[in-house]
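A.B. asks:
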Amino acid sequence: MDLILEYQSQLISGTLMTIKLALSSLVVALFFGLLGAWAKLSSNRLAQRVANLYTTIVRGIPDLVLILLVFYGGQVTLNNTGAATGLWGYVEVSQFIAGAGTIGVIFGAYFTETFRGAIMAIPRGQIEAGISCGMPQSLIFRHIIWPQMVRFALPGFTNNWLVQLKTTALVSVIGLQDLVYNAFTAGRSTDKLFTFMAAAFVIYLVLTGISDLLLRALDRRYSRGVVRA
Numbered sequence: 315m316d317l318i319l320e321y322q323s324q325l326i327s328g329t330l331m332t333i334k335l336a337l338s339s340l341v342v343a344l345f346f347g348l349l350g351a352w353a354k355l356s357s358n359r360l361a362q363r364v365a366n367l368y369t370t371i372v373r374g375i376p377d378l379v380l381i382l383l384v385f386y387g388g389q390v391t392l393n394n395t396g397a398a399t400g401l402w403g404y405v406e407v408s409q410f411i412a413g414a415g416t417i418g419v420i421f422g423a424y425f426t427e428t429f430r431g432a433i434m435a436i437p438r439g440q441i442e443a444g445i446s447c448g449m450p451q452s453l454i455f456r457h458i459i460w461p462q463m464v465r466f467a468l469p470g471f472t473n474n475w476l477v478q479l480k481t482t483a484l485v486s487v488i489g490l491q492d493l494v495y496n497a498f499t500a501g502r503s504t505d506k507l508f509t510f511m512a513a514a515f516v517i518y519l520v521l522t523g524i525s526d527l528l529l530r531a532l533d534r535r536y537s538r539g540v541v542r543a
């Protein structure tokens, strides 16, 4: 315990970095998830094919491989392109941007299917009733589609978010000083690796527990007035 207290600032900074990374990647994932769901449900054949290709490729590549590919290969590609075209100079891709962007794109593919299924679960008759009453599209989305989409999507969203939160640990391999990286460094320097990995285990458990409680409260709010079977 004395060792944990001695390195508490390092663990706290790593925890804050993990939270920042998880929330930033969530914003990216929500953007790609909503865009992908819209594309798959649209009548545009090209949009459907692009969305299907996106979800198929991303879900078929291991997360760690994609993170390494983007961080190392992406930086080389950007610099080679800049040198060939003369449009920009040397570009250095930070570990945070590579990690948050890649994890966001990865889970955007999973959120695509979550949101698509949630929208398809909304009874079509309700949307047609809104149209027949003369409601504009913005009002239909705000009062009919959005509340029900959130309720139907929350179970899948919760699962994806908890997995995404834990997936942030992978960015430690590219040098980002997150919770796992800092805990591993402290463990190696003190020869007490198990102690610090156990501390990281507890912190992740607390983060996922808090997330689960907050999302359960959100589920109760959007399920108010709904009779469950």
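Heads up: the sequence shown begins at 315 in the numbering used here, then just goes up one per residue. A virtual CB, placed ideally from N, CA and C, is assigned to each residue, including glycine.
(1) Taking 8 Å as the limit between beta carbons, can you name the residues of its chain near residue 467, skipping five residues before and five after?
(2) Ordered along the chain, which non-local residues of its own chain (more than five positions away) have a Cβ less than 6 Å from that of residue 412?
(3) Hey, out of 387, 319, 389, 423, whose CA is closest to residue 344's CA?
(4) Provide the residue span of the alpha helix (DSSP H) that contains residue 441, from first to last.
(5) DSSP three-state label for residue 461, please.
(6) According to the Cβ coordinates, are residue 493 and residue 332 closer than 8 Å?
(7) Using a Cβ-Cβ cut-off of 6 Å (strictly less than) and excluding sequence neighbours within five positions of residue 329, which residues of its own chain qualify?
(8) Nearest to residue 421 by CA position, among 327, 403, 474, is which residue?
(9) Would a C-beta distance cut-off of 8 Å place residue 478 and residue 338 closer than the cut-off?
(10) Enumerate in chain order the residues of its own chain whose CB-to-CB distance from residue 405 is below 8 Å, with the five nearest sequence positions on each side excluded.
(11) Assuming the contact rule is C-beta atoms closer than 8 Å, residue 317 and residue 506 should be a hit. Round their C-beta distance to whole Å, please.
(12) Put residue 526 into one of helix, strand or coil per three-state DSSP.
(13) To the nearest angstrom, how far is the alpha carbon of residue 486 from that of residue 368?
(14) By the 10 Å Cβ neighbour count, where 16 or more other Cβ atoms means buried, how is residue 463 classified, buried or exposed?
(15) Output the distance between the C-alpha atoms of residue 334 and residue 465, rounded to the nearest integer angstrom.
(16) If you reduce the DSSP assignment to three classes, tell me which class residue 406 lands in.
(17) Please determine, among 416, 476, 409, 379, the residue with the shortest C-alpha to C-alpha distance to residue 342.
(18) In chain order, what residues of the same chain lie with their CB nearer than 7 Å to the CB of residue 514, ignoring the 5 residues before and after it?
(19) If distances are taken between C-alpha atoms only, which option among 356, 419, 408, 399 comes closest to residue 374?
(20) For residue 441, collect the residues of the same chain with a Cβ closer than 8 Å to its Cβ; drop the 5 residues on either side in sequence, then sort them by chain order.
C.D. replies: A quick look at the data gives this:
(1) 428, 429, 431, 432
(2) 384, 385
(3) 423
(4) 438-446
(5) helix
(6) yes
(7) 493, 517
(8) 474
(9) no
(10) 389, 392, 393, 396
(11) 6 Å
(12) helix
(13) 26 Å
(14) buried
(15) 26 Å
(16) coil
(17) 416
(18) 493, 494, 497
(19) 419
(20) 454, 458, 459
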